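The block underneath contains the structure these notes are about, expressed in structure tokens.
Numbering (UniProt numbering), first residue to last: 1 to 447.
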């Protein structure tokens, strides 16, 4: 074994951390043998909190029980410990100076108050399961509120008496492909495979509403004139939600396979769902949103249908598939347009299909058809953005018909970029990452 690695491991067994407190950097050393004697050879520890003469240690044992260990200043010996404080481990400890109390949070989502003698005072509250266990916690003396970061990428604001909790940020914690922006409002929606749907205000960068559906969410759409969110799922079900009344309106069984894209026509007359069974399911938008009728089934693709776009009057639709086909459809008849040249001057309400004449320049030399996952034309029709398998967001002039077109490249995602969408006024570009579960908002600046 490399001796540098051995030395590093030995150091980590003794040197447990450093922290900044009262303008002083504390480098802390504890007795590893004391930890092992108390909790067994499988125990591990990390310094979690320091306040004047005390240090708090987070510890796990093989039974996954959470323990809090007390150290006095100037000694590495354990003076007191509480075992099995939280089921599954202690994830956070914070000090509330105004009450001279320590608050611990664990994998069980429960928060417990302790006095400075490590005596349990009371259980002060618990987080909702939808937010996940706490990973860090701070107390704001001015507002008398806790701010809690969780394992599911949420930031929760909770009053000191636990009478109210509010999600400031409702993050995603699983693979994410779903993103849609409203046609005329600064609103966008995201959804992911952990069944979570989030509606956001893009101007205020704040969460409007979050909702858990019963299935993994794959794609989303915002109705152009009604407060409806449409979510396509991995099992082929379509959910219709109302983000103003904050309720689920109806579920529509579309297909037995995943819905990869869903689009409402600009005139609100049709709803199209692109599925992995190679079909497009075309619904007439009902007068009552809860009464969807049997759809037309548009057949013609030989692979899964990935992307859809409507023309501005809602009469025609274009689609892309997994084998790089570009097909066109007449909405009223549900038939394929066999002479695409007849639509060469058609104005498209959106352009999110990465295969097509106006976007052929977005493909770099040597790229295969899977390197670019998503594209979106700006609403002023001057730019087109793409997201690729390499974590990059690329911005081109539109139309992009020149091979090897130059792009402005933005890097921020640590995973493949699965969807990009412009806000209604093109002031920002929203992007989502697949496995990094992140949402990024890019400000559009004239160069």
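Note that the Cβ used here is the ideal one computed from N, Cα and C, for glycine as well. On a predicted model such as this, the values are computed, not experimentally measured, just so you know.
If contacts are defined as beta-carbon pairs under 8 Å, then residue i and residue j qualify, I think. What distance do you get, rounded to the angstrom?
i, j, result
"residue 179", "residue 421", "5 Å"
"residue 386", "residue 340", "Wrong, their Cβ atoms sit about 23 Å apart, outside the cutoff."
"residue 186", "residue 423", "6 Å"
"residue 334", "residue 296", "4 Å"
"residue 85", "residue 103", "12 Å between Cβ atoms; not a contact."
"residue 316", "residue 343", "6 Å"
"residue 200", "residue 188", "5 Å"
"residue 141", "residue 98", "6 Å"
Is DSSP giving residue i helix, strand or coil here?
i, result
"residue 100", "coil"
"residue 205", "coil"
"residue 343", "helix"
"residue 188", "strand"
"residue 148", "strand"
"residue 195", "coil"
"residue 438", "coil"
"residue 258", "coil"
"residue 155", "strand"
"residue 423", "coil"
"residue 433", "strand"
"residue 212", "strand"
"residue 168", "strand"
"residue 418", "strand"
"residue 89", "coil"
"residue 302", "coil"
"residue 160", "coil"
"residue 428", "strand"
"residue 80", "strand"
"residue 287", "coil"
"residue 67", "strand"
"residue 264", "strand"
"residue 443", "strand"
"residue 24", "Residue placement at residue 24 cannot be trusted, given a pLDDT of 44 that sits under 50; the coordinates are not used to answer."
"residue 51", "Below a pLDDT of 50, predicted positions are generally treated as unreliable, and residue 51, at 46, falls in that range; no measurement from the model is reported."
Tell me where the beta strand (DSSP E) around residue i begins and ends.
i, result
"residue 273", "270 to 275"
"residue 280", "279 to 284"
"residue 220", "217 to 222"
"residue 490", "Nothing can be reported for residue 490: it is not among the residues displayed for the chain, which extend from 1 to 447."
"residue 253", "247 to 253"
"residue 135", "134 to 140"
"residue 181", "176 to 181"
"residue 228", "228 to 233"
"residue 241", "237 to 242"
"residue 410", "408 to 411"
"residue 299", "296 to 299"
Ordered along the chain, which non-local residues of its own chain (more than five positions away) have a Cβ less than 6 Å from that of residue i?
i, result
"residue 399", "358"
"residue 132", "150, 151, 152"
"residue 231", "191, 197, 217, 220, 239"
"residue 413", "391, 433, 436"
"residue 251", "237, 239"
"residue 271", "264, 283, 285"
"residue 497", "Summary: the structure shown does not reach residue 497, with the chain confined to residues 1 through 447, and so no result is reported for it."
"residue 380", "426"
Spatial neighbours of residue i within its chain, please: CB distance less than 7 Å, with the 5 preceding and 5 following residues excluded, ordered by chain position.
i, result
"residue 136", "92, 149"
"residue 322", "303, 304, 306"
"residue 403", "361"
"residue 299", "279"
"residue 88", "64, 66, 106, 107, 108"
"residue 276", "257, 258, 260, 304"
"residue 369", "324"
Skipping 5 residues on each side, what residues in its chain have a beta carbon closer than 8 Å to that of residue i?
i, result
"residue 228", "222, 240, 241, 242, 243, 249, 289"
"residue 269", "284, 285, 314, 331"
"residue 447", "408"
"residue 123", "110, 111, 112, 113"
"residue 169", "153, 154, 155, 207"
Closest Cβ-Cβ distance between residue i and chain C: below 9 Å?
i, result
"residue 141", "Reference to chain C is not applicable here, since this structure consists of a single protein chain."
Starting from the N-terminal side, write out each stretch of the beta strand (DSSP E) that is 3 residues or longer and does not extend beyond the region 100 to 130. Listed in chain order, they are 101 to 106, 110 to 114, 120 to 126.
Q.
In chain order, what are the residue ranges of uninterrupted alpha helix (DSSP H) at least 4 long that sit wholly in the region 306 to 388?
A. none
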